[in-house]
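Asks:
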Amino acid sequence: MNKHKVRDVTVNTLTSNLPEDKRKQLCALLGDVDLTLLYKASVHGYNASAFHQRCDRQGPTLLVAYNSSGYIFGGYTSVDFTQSGQYIADEDIFLFCFQGKIPVCMKLNSGYNARLDDTGVPSFGQQLYFCYNNQPMVYNQGVSAFTVNTAIMYGNDTQLSECEVYKVEQSTQVKFEVKPWRSVLWTAERREELMEMIRNYKPLTSSVSHIRILMIGPVGAGKSSFFNSINSIFMGRITSKAMSGSAGTSLTTQFRTYPIKDGREGKPLPFVLCDTMGLEEQSGAGLDIEDISSILQGQIPDRYKFNPVTSFQPDEQKSSRPASLQEKIHCVVYVIDATKISLMSEKLEEKLSAIRRKVNSLGIAQIVLMTKVDEACPLVDEDLQSLYLSSYIKTKVQEVSSRLGVPVSCVLPVKNYSQELELELNCDVLLLTALQQMLNFAEDYLDDVAPK
Ligand SMILES: Nc1nc2c(ncn2[C@@H]2O[C@H](COP(=O)(O)OP(=O)(O)OP(=O)(O)O)[C@@H](O)[C@H]2O)c(=O)[nH]1
Ligand SMILES: [Mg+2]
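Quick note on UniProt numbering: the sequence shown kicks off at 1 and runs consecutively.
1) Sorted by chain position, which residues of the same chain lie with C-beta nearer than 6 Å to S240's C-beta, five sequence neighbours on each side aside?
2) Find the nearest neighbour of R115 within the set Q83, Y154 and N134, judged by alpha-carbon distance.
3) For V333, write down the residues that DSSP places opposite it in a beta bridge.
4) So, helix, strand or coil for Y154, using DSSP?
5) Specify the secondary structure class of T339 as computed by DSSP and reduced to three states.
6) Might you give, ordered along the chain, the residues of its own chain that have their beta carbon closer than 6 Å to the beta carbon of I93, omitting 5 neighbours on each side?
7) Using a 10 Å radius around the Cβ and a threshold of 16 neighbouring Cβ atoms, would you call S342 buried or exposed?
8) Taking only the alpha-carbon atoms, compute the straight-line gap between residue 513 and T395 and give it to the nearest angstrom.
9) Just checking M344 against ligand 1 - is the residue's beta carbon closer than 7 Å to any of the ligand's heavy atoms?
10) Taking only the alpha-carbon atoms, compute the straight-line gap between M195 and E424 and give it to the nearest angstrom.
11) Run the proximity test for M277: is its beta-carbon closer than 7 Å to any non-hydrogen atom belonging to ligand 4?
12) Of all the alpha helix (DSSP H) runs that stay within the bounds of the stretch 350–395, which reach a length of 4 or more residues?
13) Within this structure, are the beta carbons of residue 453 and Q86 separated by less than 8 Å?
14) Taking just the CA atoms, how far does T36 sit from S69?
15) So the candidates are V168, T252 and L389; which of them puts its Cα closest to the Cα of G59?
16) Following the continuous alpha helix (DSSP H) through M438, name the residue where it begins and the one where it ends.
17) Taking only the alpha-carbon atoms, compute the straight-line gap between E375 and N133 and give it to the nearest angstrom.
18) Spatial neighbours of V380 within its chain, please: C-beta separation below 7 Å, excluding the five flanking residues on both sides.
19) Among D275, F234 and F98, whose alpha-carbon lies nearest the alpha-carbon of D428?
20) When you compare only the Cα positions, how much space is there between L260 and T187?
21) My output table needs one value for L404: the three-state DSSP class, helix, strand or coil.
22) By the three-class DSSP mapping on this structure, what secondary structure does E189 have?
23) Would you check if the distance between the CB atom of residue 462 and the CB atom of H330 is smaller than 8 Å?
24) Does the beta carbon of V219 fall short of 7 Å from some heavy atom of ligand 1?
25) Between F73 and Y154, is the Cβ-Cβ spacing less than 8 Å?
26) Where does L37 fall in DSSP's three states?
27) So, are the CB atoms of L348 and L287 less than 8 Å apart?
28) Taking 7 Å as the cut-off, does the CB of L251 come closer than this to any heavy atom belonging to ligand 1?
29) Alpha carbon to alpha carbon, how far is D156 from F312?
30) Spatial neighbours of C274 within its chain, please: C-beta separation below 8 Å, excluding the five flanking residues on both sides.
31) How would you call G217, buried or exposed, if buried means at least 16 neighbouring beta carbons within 10 angstroms?
32) Please name the residue or residues paired with residue 454 in a DSSP beta bridge.
33) Can you confirm whether I295, when its beta carbon is compared against all beta carbons of chain B, has any partner nearer than 8 Å?
34) What residue ranges within the stretch 54–95 form continuous beta strand (DSSP E) runs of no fewer than 3 residues, ordered along the chain?
35) Going by DSSP, what residues sit across from Y201 in a beta bridge?
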């Protein structure tokens, strides 16, 4: 079960209780790491000294507890246990549990006084104790360090059936696929060919001159950056017309429709990219489904300022005339950050699936753009051409596909321009491939709704 390098015989004989699917999810949550089992309470004893003997000075660790009601839960700390008697600040500390199949994380105390590094049993925030009183128990002291819903976390069943601690190490194994799982020609000719196809593209439906592509996705996923990247490619230099960056809430607050020109003096290209405000998990924050519905139907004008409290109210006179096919959206692109997929909350997933139902009902083409592949995988960061050789990216694509309920073939990984000062061939090829696929899908949709 534990395929990782084990250094001594005692450890070697330990068998992990963690089911394979949950182990994989926790590893992905921690950014592609390896877990090595250090301590197993049923073998070494539910007591502080046995725990410290095996877990001190081991770097980042993950504690996984089990109870007989079937709950698997615990916590991660990035700072060594050393029995220093000090309060530890740990920005990365979190508690986790599983809701259904999905791991849910809870951050603690913004990292401040994350835990007391004493000689006692492992605890989080001096509040949640594992192996409490040197017994197979979990104990929530219920002080105000943080709020934890113990009913969700462990079904209020405080009796532990097992408690394990794993050493967490960045995966050293470079996992390469033998053959790329999608083929891409990373050449200047291919880039030129793609640009030429996009330039010369003409929708077959005569009433539509431009394909309207709508970008939807969580805050900070890279929607505005995708427009900036495509604009940069056709302008031949890095541009940043749409504001992009990072903030707690969406940086984009207006609905923007961006036509793109083929070079500074060039002709407009046959598509328009529509940028929206980011989705947030709470209702009454971020973009809401009513607004999306109005956008899809072509009722929201360029520069409309979103109001998270009330949705768009169509102008009585104008709305008496339904928007023409030309003004409607022809392809919806869900922009998802590759580094955040496992952390996506159930609420956000629900919001996305409500949007999907709406888009499905209108029959509009849909695609997922998986951004930040460079941040997600160090291999890809080093060389973008290894994208389709990285098995990590492959699992991320599969994860997006299953969480959003879209076929794997509709998930397109890209790296947007973010800090670069110059264009880069590999980046361009990926971005243009994604754009061309969007045009193809939109074409299928138009063919379906407005046969010639
Ligand atoms: N490394 C890397 N960074 C990216 C990528 N795409 C976007 N970013 C960065 O992520 C941050 C957020 O990107 P935006 O384009 O502003 O995201 P957005 O979806 O428009 O966000 P809101 O408008 O706030 O909802 C910026 O700092 C970008 O530079 C990518 O593919 N790779
Ligand atoms: Mg934006």
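Beta carbons are placed, not taken as given, at the ideal position from N, Cα and C, and that holds for glycine.
Replies: Looking at the atomic coordinates:
1) N228
2) Q83
3) M215 and I367
4) Look at Y154 here: in three-state DSSP terms it is helix.
5) helix
6) T77, L108 and A114
7) Classification for S342: buried.
8) No answer is possible for residue 513: it lies beyond the span of the chain, which begins at 1 and ends at 452.
9) no
10) 14 Å
11) Ligand 4 is not among the ligands present in this structure, which contains only ligand 1 and ligand 2.
12) Counting only runs that start and end inside the stretch 350–395, the alpha helix (DSSP H) elements of at least 4 residues fall at 373–376 and 378–382.
13) Since the first and last residues shown for the chain are 1 and 452, residue 453 lies out of range.
14) Their Cα atoms are separated by approximately 25 Å.
15) V168
16) Unbroken alpha helix (DSSP H) run through M438: L425 to V449.
17) Distance between the alpha carbons of E375 and N133: 42 Å.
18) V373, D374, S386, L387, S390 and I393
19) Nearest neighbour of D428 by Cα position, chosen from D275, F234 and F98, turns out to be F234.
20) The sequence shown places Ile at residue 260, rather than the Leu named in the question. If I take the Cα positions, the gap works out to 24 Å.
21) helix
22) helix
23) No information on residue 462 is available, as it lies outside the stretch 1 to 452 that the chain covers here.
24) yes
25) In this structure, Y154 lies closer than 8 Å to F73 by Cβ.
26) strand
27) Between L348 and L287, the C-beta spacing is not below 8 Å.
28) yes
29) Per the sequence shown, residue 156 should be read as Asn rather than Asp. Each residue's Cα considered, the two are about 44 Å apart.
30) R212, I213, L214, M215, F255, R256, T257, Y258, I295 and I329
31) Looking at its Cβ environment, which holds 16 or more other Cβ atoms inside 10 Å, G217 is buried.
32) What the structure shows of the chain is the stretch from 1 to 452, and residue 454 is not part of that stretch, so it cannot be assessed.
33) In the structure shown, chain B cannot be found, because there is only a single protein chain.
34) You should have 61–67, 72–77 and 86–88.
35) Paired residue(s): none; Y201 is not in a bridge.
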